[in-house]
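Participant: I have a structure here, written as structure tokens, and I will follow up with some questions on it.
Protein chains: 2
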Amino acid sequence: MRLSRYFLPLLKETPATAEIVSHQLMLRAGLVRQVAAGIYAWLPLGLKVLQRITDIVRREQERAGAVEMLMPTIQPAELWRESGRYDAYGPEMLRLTDRRGRELLYGPTNEEMVTAIVRDGIRSYRELPLTLFHVQWKFRDEIRPRFGVMRGREFLMKDAYSFDLDEAGARASYEAQFLAYLRTFAAMGLRALPVRAPTGPIGGELSHEFHILADTGESELFYDAAIDEVDLADPDAPQRLRGLYAMEAEEHARAARCPVPAERLARRRGIEVGHIFFFGTKYSAALGLALPGPDGRTITPLCGSYGIGLSRLVGAIIEASHDSAGIVWPDAVAPFDVGLVNLRPDDPVCTALADEVERRLTAAGRSVLHDDRDLRAGEKFASMDLIGLPWMVTVGPKGVAAGVVELKRRATGERHELSVESLLARIGA
Amino acid sequence: MRLSRYFLPLLKETPATAEIVSHQLMLRAGLVRQVAAGIYAWLPLGLKVLQRITDIVRREQERAGAVEMLMPTIQPAELWRESGRYDAYGPEMLRLTDRRGRELLYGPTNEEMVTAIVRDGIRSYRELPLTLFHVQWKFRDEIRPRFGVMRGREFLMKDAYSFDLDEAGARASYEAQFLAYLRTFAAMGLRALPVRAPTGPIGGELSHEFHILADTGESELFYDAAIDEVDLADPDAPQRLRGLYAMEAEEHARAARCPVPAERLARRRGIEVGHIFFFGTKYSAALGLALPGPDGRTITPLCGSYGIGLSRLVGAIIEASHDSAGIVWPDAVAPFDVGLVNLRPDDPVCTALADEVERRLTAAGRSVLHDDRDLRAGEKFASMDLIGLPWMVTVGPKGVAAGVVELKRRATGERHELSVESLLARIGA
Numbered sequence: 336m337r338l339s340r341y342f343l344p345l346l347k348e349t350p351a352t353a354e355i356v357s358h359q360l361m362l363r364a365g366l367v368r369q370v371a372a373g374i375y376a377w378l379p380l381g382l383k384v385l386q387r388i389t390d391i392v393r394r395e396q397e398r399a400g401a402v403e404m405l406m407p408t409i410q411p412a413e414l415w416r417e418s419g420r421y422d423a424y425g426p427e428m429l430r431l432t433d434r435r436g437r438e439l440l441y442g443p444t445n446e447e448m449v450t451a452i453v454r455d456g457i458r459s460y461r462e463l464p465l466t467l468f469h470v471q472w473k474f475r476d477e478i479r480p481r482f483g484v485m486r487g488r489e490f491l492m493k494d495a496y497s498f499d500l501d502e503a504g505a506r507a508s509y510e511a512q513f514l515a516y517l518r519t520f521a522a523m524g525l526r527a528l529p530v531r532a533p534t535g536p537i538g539g540e541l542s543h544e545f546h547i548l549a550d551t552g553e554s555e556l557f558y559d560a561a562i563d564e565v566d567l568a569d570p571d572a573p574q575r576l577r578g579l580y581a582m583e584a585e586e587h588a589r590a591a592r593c594p595v596p597a598e599r600l601a602r603r604r605g606i607e608v609g610h611i612f613f614f615g616t617k618y619s620a621a622l623g624l625a626l627p628g629p630d631g632r633t634i635t636p637l638c639g640s641y642g643i644g645l646s647r648l649v650g651a652i653i654e655a656s657h658d659s660a661g662i663v664w665p666d667a668v669a670p671f672d673v674g675l676v677n678l679r680p681d682d683p684v685c686t687a688l689a690d691e692v693e694r695r696l697t698a699a700g701r702s703v704l705h706d707d708r709d710l711r712a713g714e715k716f717a718s719m720d721l722i723g724l725p726w727m728v729t730v731g732p733k734g735v736a737a738g739v740v741e742l743k744r745r746a747t748g749e750r751h752e753l754s755v756e757s758l759l760a761r762i763g764a
Numbered sequence: 336m337r338l339s340r341y342f343l344p345l346l347k348e349t350p351a352t353a354e355i356v357s358h359q360l361m362l363r364a365g366l367v368r369q370v371a372a373g374i375y376a377w378l379p380l381g382l383k384v385l386q387r388i389t390d391i392v393r394r395e396q397e398r399a400g401a402v403e404m405l406m407p408t409i410q411p412a413e414l415w416r417e418s419g420r421y422d423a424y425g426p427e428m429l430r431l432t433d434r435r436g437r438e439l440l441y442g443p444t445n446e447e448m449v450t451a452i453v454r455d456g457i458r459s460y461r462e463l464p465l466t467l468f469h470v471q472w473k474f475r476d477e478i479r480p481r482f483g484v485m486r487g488r489e490f491l492m493k494d495a496y497s498f499d500l501d502e503a504g505a506r507a508s509y510e511a512q513f514l515a516y517l518r519t520f521a522a523m524g525l526r527a528l529p530v531r532a533p534t535g536p537i538g539g540e541l542s543h544e545f546h547i548l549a550d551t552g553e554s555e556l557f558y559d560a561a562i563d564e565v566d567l568a569d570p571d572a573p574q575r576l577r578g579l580y581a582m583e584a585e586e587h588a589r590a591a592r593c594p595v596p597a598e599r600l601a602r603r604r605g606i607e608v609g610h611i612f613f614f615g616t617k618y619s620a621a622l623g624l625a626l627p628g629p630d631g632r633t634i635t636p637l638c639g640s641y642g643i644g645l646s647r648l649v650g651a652i653i654e655a656s657h658d659s660a661g662i663v664w665p666d667a668v669a670p671f672d673v674g675l676v677n678l679r680p681d682d683p684v685c686t687a688l689a690d691e692v693e694r695r696l697t698a699a700g701r702s703v704l705h706d707d708r709d710l711r712a713g714e715k716f717a718s719m720d721l722i723g724l725p726w727m728v729t730v731g732p733k734g735v736a737a738g739v740v741e742l743k744r745r746a747t748g749e750r751h752e753l754s755v756e757s758l759l760a761r762i763g764a
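Line by line, the protein sequences are chains A and B.
So the first sequence is numbered by my numbering: it starts at 336 and just counts up by one.
So the second sequence is numbered by my numbering: it starts at 336 and just counts up by one.
This is the structure:
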């Protein structure tokens, strides 16, 4: 992709309204623009990150056996009256009325809707277990939206819902999602800590939050340092992780006694990016989801729900991975793999080489953002550092004469001069 | 994918509320479920079609040089006051108020928002031309939503917006989208007719609708039969198509005289699935998008907008391609390539062969929906005909003994008995 044909509006100044570093960097690096309080447009570079995150989540959900569907953003109020949540849910639910006076709402979550769809769609216990997921925009009318996409009002989530015939099955579905979450965050190059959580307004009895560790995180976490030694590749990693102590500060303070010896108790800050719940028959009973079982007795399925904040993750990753010059994207979620800087777009020899590098890296399966603009070298380098692509390749007149380009790794700042052949051997897929 | 682990709620009866065949078949084949008037949940099979359509549209947009971004569903009222459309737009705009009393709306289109984003994001004429597109849910509060997803209230659209420095550039952007539309519909296996259209409330002076020809279409079209002979692979096809007469009945009746001799005037019904507009400076002037040009004089960019109804297309394709047994998906948009029926899931030999066929077709890049359920053969065949996958492969005890499976082409009903090797040679990518 040529930068001259792209839309990447960078900001030189840090906007005064942005309080945290991810929000500042998302605005400066041209990832998002605010269009109303807590409501953002995703510019091309930001959308690419959101799409890569979504692709990883989708792949791991499917690997866990979940089936994708898509529910609408607007829901009828009646559905929420059936569960009793329409009146119970606070003012962060965006309620609205259509032109015929029917009460609707912009969905903040989908337990009611998916339960009604499964209730109307299955006839036999043989059709369970079933876990459905979807990726959709949601709305919560935060009284004080802040921190950019980290606490926005319109936000993208993956939410999954499991339906099982018995408690053992329901716990297995919960565990499949627990494992999928560990794999999902690991695939993004992130360290995520599963933390035992209170269940709150969703209800139920078993719940975990997943936090990305970041010094700027909103939550304070206390956990058994043995967690750091669990190898995710190990088949019993989920079980071991669930057995080890990890709590948010408030819950930790409330606990009668901490089972972890002081010398093994770690304390770090984290950002919640996922939350999973097992709540049994709360919604299936309220919405009348029931099936004749194998012995003819009626079964009310046991359910769980499983959320990941996809738009929030973009901010959380930046909080966990940046430096003073800008964003440092993990390879797996970077908007492009390579930033290619042509120092002399007015020089036909430099331009021919830059074009060749773009063509060959692209052919090798690498995505390339090619800065072909007629700007000062310093400005181009600063832009590349700001947007944080994993690799930067510089083509300039000195290198061309010597038959080399410069390769820089964004995360470490390491630089090497290489021939194009060596470059391809190094980063060409 | 095993059907026993999927969610495919088929209906035996045709719902009385569904007036048109696509709506009936979308409900019967388990593609969508209504959750409120004109608001649908997309079940797994329907979502797959929607995703395939979206992928084709995205690919052709990128090929035409358009850059993807994503605007939110909720927009502030102020933005629409700037263009003067807030009061002008009818009651189909869903207006709402947040908890702090701010006026918002669920976007029915995005000219205002994208123009404001480009206004705030570009500083130099060198950054134009630019065409941005996005794929997002929209809402129009139809007074009488009907025909399923064909005239729903919440619907998915691709909309693109072009910004150019002068009229010649703007016309080139319009032509690039015109060509992209022809390629998009052709890639879906559809015949789409570009029809000269009045510009309506979007404003402007040049506009085309794209109609899929279907006997059940809502519009009556009159066009020069020479259009049928234009080869899309021909480089001047767009130009030739734009030069040939094609009008909706109402416009045709209004025309002073028809330039097409009666013997060449074709008359067919069509479904509108795309609409493109060139409207010049209407929104750029209203929203103050202006740039210093190369000679220092201020340029107000010339704009166009380009929509495709993605959710509507699913219904339109079914209207154009079905028979009395169900849907007949064009290969390019089918939710799975192959329906695999194991007639005897209780027989280990049949099951081993069915599993092998699934594994090998999947390895060859074909998506397979494997009906492994313990049901009567007749019911399984009827289900496969209803959901309309391009190929059906049947594994049964007689064939297994002879070393063959049966391959059926949904569109023609042609059947062949083949060895697994021949099957792979025939449909294995």
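Virtual Cβ for every residue (Gly too), placed ideally from N, Cα, C.
The structure presented is a predicted model; accordingly, all values stated were derived computationally and were not measured.
Check whether the Cβ of Q410 (chain A) lies closer than 8 angstroms to any Cβ atom in chain B.
Facilitator: Taking the first residue of the first sequence as 1, we reach residue 410 (chain A) at position 75. Yes, because at least one Cβ of chain B sits closer than 8 angstroms to the Cβ of Q410 (chain A).
Participant: Under a CB-based cut-off of 8 angstroms, is F671 (chain B) close to chain A?
Facilitator: The count along the second sequence starts at 1 and reaches residue 671 (chain B) at position 336. Taking Cβ atoms only, chain A never reaches closer than 8 angstroms to F671 (chain B), which makes this a no.
Participant: Which residues in the same chain have their Cβ closer than 6 angstroms to the Cβ of I388 (chain A), if we skip the five residues on either side of it in sequence?
Facilitator: The residue given as residue 388 (chain A) occupies position 53 in the first sequence. Within the same chain, I388 (chain A) has close Cβ partners L645, L648, V668.
Participant: What residues from chain A crowd round W664 (chain B), counting only those whose CB sits closer than 8 angstroms?
Facilitator: Counting from one through the second sequence, the residue named residue 664 (chain B) turns up at place 329. Those do not exist, as W664 (chain B) stays about 18 angstroms from chain A at its closest Cβ, beyond 8 angstroms.
Participant: Can you tell me where the beta strand (DSSP E) with M582 (chain B) in it begins and where it stops?
Facilitator: Within the second sequence, the letter at position 247 stands for residue 582 (chain B). It spans 581-583 - the beta strand (DSSP E) in which M582 (chain B) sits, taken as one unbroken run.
Participant: Given a cut-off of 8 angstroms, decide if E607 (chain A) and A515 (chain A) are closer than it, judged by their beta-carbon atoms.
Facilitator: The sequence position of residue 515 (chain A) within the first sequence is 180, counting from 1. The sequence position of residue 607 (chain A) within the first sequence is 272, counting from 1. No, the Cβ-Cβ distance between A515 (chain A) and E607 (chain A) is not below 8 angstroms.
Participant: Can you give me the start and stop residues for the alpha helix (DSSP H) that D690 (chain B) sits inside?
Facilitator: Indexing the second sequence from 1 puts residue 690 (chain B) at position 355. Residues 683-698.
Participant: Who are the near neighbours of V730 (chain A) in its chain, counting only those whose CB is closer than 6 angstroms to its CB and skipping five residues on each side?
Facilitator: Counting from 1 along the first sequence, the entry for residue 730 (chain A) is found at position 395. For V730 (chain A), where only same-chain residues beyond five positions count, the Cβ hits under 6 angstroms are N677, C685, L688, A689, V740.
Participant: Bridge partners for L414 (chain A) per DSSP, in chain order?
Facilitator: What you label residue 414 (chain A) is simply residue 79 of the first sequence in a count that begins at 1. According to DSSP, L414 (chain A) bridges with nothing at all.
Participant: May I ask which residues mark the beginning and end of the beta strand (DSSP E) holding M492 (chain B)?
Facilitator: Here residue 492 (chain B) corresponds to residue number 157 of the second sequence, with the count starting at 1. From DSSP, the beta strand (DSSP E) with M492 (chain B) extends over 489-499.
Participant: Identify which residue in B:S554, B:R437, B:G442, B:M727 has its Cα closest to the Cα of G425 (chain B).
Facilitator: The count along the second sequence starts at 1 and reaches residue 425 (chain B) at position 90. G425 (chain B) has its Cα closest to that of B:G442, out of B:S554, B:R437, B:G442, B:M727.
Participant: Roughly how many whole angstroms lie between the Cα atoms of G713 (chain B) and D720 (chain B)?
Facilitator: Position 378 of the second sequence holds residue 713 (chain B). Position 385 of the second sequence holds residue 720 (chain B). About 11 angstroms.
Participant: Beta-carbon of I457 (chain A) versus every beta-carbon of chain B: anything under 8 angstroms?
Facilitator: As a first step, residue 457 (chain A) must be located in the first sequence, where it is residue number 122. Cβ-Cβ to chain B under 8 angstroms: yes for I457 (chain A).
Participant: Can you grab the Cα-Cα spacing for the pair R435 (chain B) / V392 (chain A), in whole Å?
Facilitator: For the purposes of this step, residue 435 (chain B) is taken as residue 100 along the second sequence, with counting starting at 1. For the purposes of this step, residue 392 (chain A) is taken as residue 57 along the first sequence, with counting starting at 1. Near 34 angstroms, if we compare the C-alpha coordinates of V392 (chain A) and R435 (chain B).
Participant: Near P594 (chain A), which residues of its chain fall below 6 angstroms by C-beta distance, leaving aside the five closest residues on each side in sequence?
Facilitator: On the first sequence, position 259 is the one that residue 594 (chain A) refers to. Closer than 6 angstroms at Cβ, skipping near neighbours: Y580.
Participant: Taking Q369 (chain A) as the reference, give the member of B:I452, B:P627, B:T633 with the closest Cα.
Facilitator: Residue 369 (chain A) sits at position 34 when you count from the first residue of the first sequence. Nearest of B:I452, B:P627, B:T633 to Q369 (chain A), Cα basis: B:I452.
Participant: Helix, strand or coil for A660 (chain A) per DSSP?
Facilitator: As a first step, residue 660 (chain A) is located in the first sequence; it is residue number 325 there, counting from the start. Correct three-state label for A660 (chain A): coil.
Participant: Can you tell me whether DSSP reads D571 (chain A) as helix, strand or coil?
Facilitator: The residue you call residue 571 (chain A) lines up with position 236 of the first sequence. If DSSP states are grouped into helix, strand and coil, D571 (chain A) belongs with coil.
Participant: Does the beta-carbon distance from L380 (chain B) to L346 (chain B) come in below 8 angstroms?
Facilitator: Locating residue 380 (chain B) in the second sequence gives position 45, counting from the first residue. Locating residue 346 (chain B) in the second sequence gives position 11, counting from the first residue. Cβ distance not < 8 angstroms, so L380 (chain B) and L346 (chain B) don't count as in contact.
Participant: Return the residue from the list A:L525, A:E462, A:A568, A:L429 that minimises the CA-CA distance to R488 (chain A).
Facilitator: In the first sequence, counting from the first residue as 1, residue 488 (chain A) sits at position 153. If we check each option's Cα against that of R488 (chain A), A:L429 comes out closest.
Participant: Which residues, taken in chain order from the segment 355-370 of chain B, show a beta carbon closer than 8 angstroms to some beta carbon of chain A?
Facilitator: The segment 355-370 of chain B vs chain A, Cβ under 8 angstroms: G365, R368, V370.
Participant: Let me know the alpha helix (DSSP H) ranges lying completely inside the segment 603-636 of chain A, each 4 residues or longer, listed in chain order.
Facilitator: Here the runs fully enclosed are 617-621.
Participant: Quick check on DSSP: helix, strand or coil for M485 (chain A)?
Facilitator: Walking along the first sequence from the start, residue 485 (chain A) turns up at place 150. Looking at M485 (chain A) - three-state DSSP - the assignment turns out to be helix.
Participant: Using 8 angstroms as the limit for Cβ to Cβ distance, is E510 (chain B) near chain A?
Facilitator: To locate residue 510 (chain B), count along the second sequence from 1; it is residue 175. Not closer than 8 angstroms to any Cβ of chain A, the Cβ of E510 (chain B) fails to qualify, so no.
Participant: Is S754 (chain A) helix, strand or coil by DSSP?
Facilitator: Within the first sequence, numbered from 1, the residue matching residue 754 (chain A) stands at position 419. Residue state, collapsed to three classes: coil.
Participant: Note down, in chain order, each residue of its chain lying with its Cβ closer than 6 angstroms to the Cβ of A372 (chain B), except the 5 sequence neighbours on either side.
Facilitator: The count along the second sequence starts at 1 and reaches residue 372 (chain B) at position 37. So the list reads P480, once near-sequence residues are dropped.
Participant: Within the segment 498-522 of chain A, note down every full alpha helix (DSSP H) run reaching 4 residues or more, in order along the chain.
Facilitator: Runs of the alpha helix (DSSP H) inside the segment 498-522 of chain A: 502-522.
Participant: Considering only DSSP beta bridges, list what R368 (chain A) is partnered with.
Facilitator: Along the first sequence, one-based indexing puts residue 368 (chain A) at 33. BP columns for R368 (chain A) point to A:A376.
Participant: Helix or strand or just coil, what does DSSP make of D559 (chain B)?
Facilitator: Mapped onto the second sequence, residue 559 (chain B) falls at position 224. Strand at D559 (chain B).
Participant: Below 6 angstroms CB to CB, which residues in the same chain sit around L525 (chain A) once its five sequence neighbours on both sides are set aside?
Facilitator: As a working note, residue 525 (chain A) is residue 190 in the first sequence. Around L525 (chain A): I547.
Participant: Can the beta-carbon of L500 (chain B) be found less than 8 angstroms from the beta-carbon of G615 (chain B)?
Facilitator: The count along the second sequence starts at 1 and reaches residue 500 (chain B) at position 165. The count along the second sequence starts at 1 and reaches residue 615 (chain B) at position 280. No. Outside cutoff.
Participant: Within 10 Å of its beta-carbon, does E427 (chain B) have 16 or more other beta-carbons around it, so buried, or fewer, so exposed?
Facilitator: One-based indexing of the second sequence puts residue 427 (chain B) at position 92. With fewer than 16 Cβ atoms within 10 Å of its Cβ, E427 (chain B) is classed as exposed.
Participant: I believe V565 (chain B) touches L576 (chain B) by the beta-carbon criterion, under 8 angstroms. Please report the beta-carbon distance rounded to the nearest angstrom.
Facilitator: Residue numbering aside, residue 565 (chain B) sits at position 230 when the second sequence is read from its first letter. Residue numbering aside, residue 576 (chain B) sits at position 241 when the second sequence is read from its first letter. Going by Cβ atoms, the distance from V565 (chain B) to L576 (chain B) rounds to 6 angstroms, so yes, they are a contact pair.
Participant: What residue range does the alpha helix (DSSP H) around P732 (chain B) cover?
Facilitator: As a working note, residue 732 (chain B) is residue 397 in the second sequence. From DSSP, the alpha helix (DSSP H) with P732 (chain B) extends over 732-737.
Participant: Quickly, what does DSSP pair C638 (chain A) with across the bridge? List them, please.
Facilitator: In the first sequence, residue 638 (chain A) corresponds to position 303, counting from 1. A:F498, A:G615, per the DSSP bridge assignment.
Participant: Residues of chain A with CB closer than 8 angstroms to the CB of W825 (chain B), please, in chain order.
Facilitator: Outside the modelled stretch of chain B, which goes from 336 to 764, sits residue 825 (chain B), for which no answer is possible.
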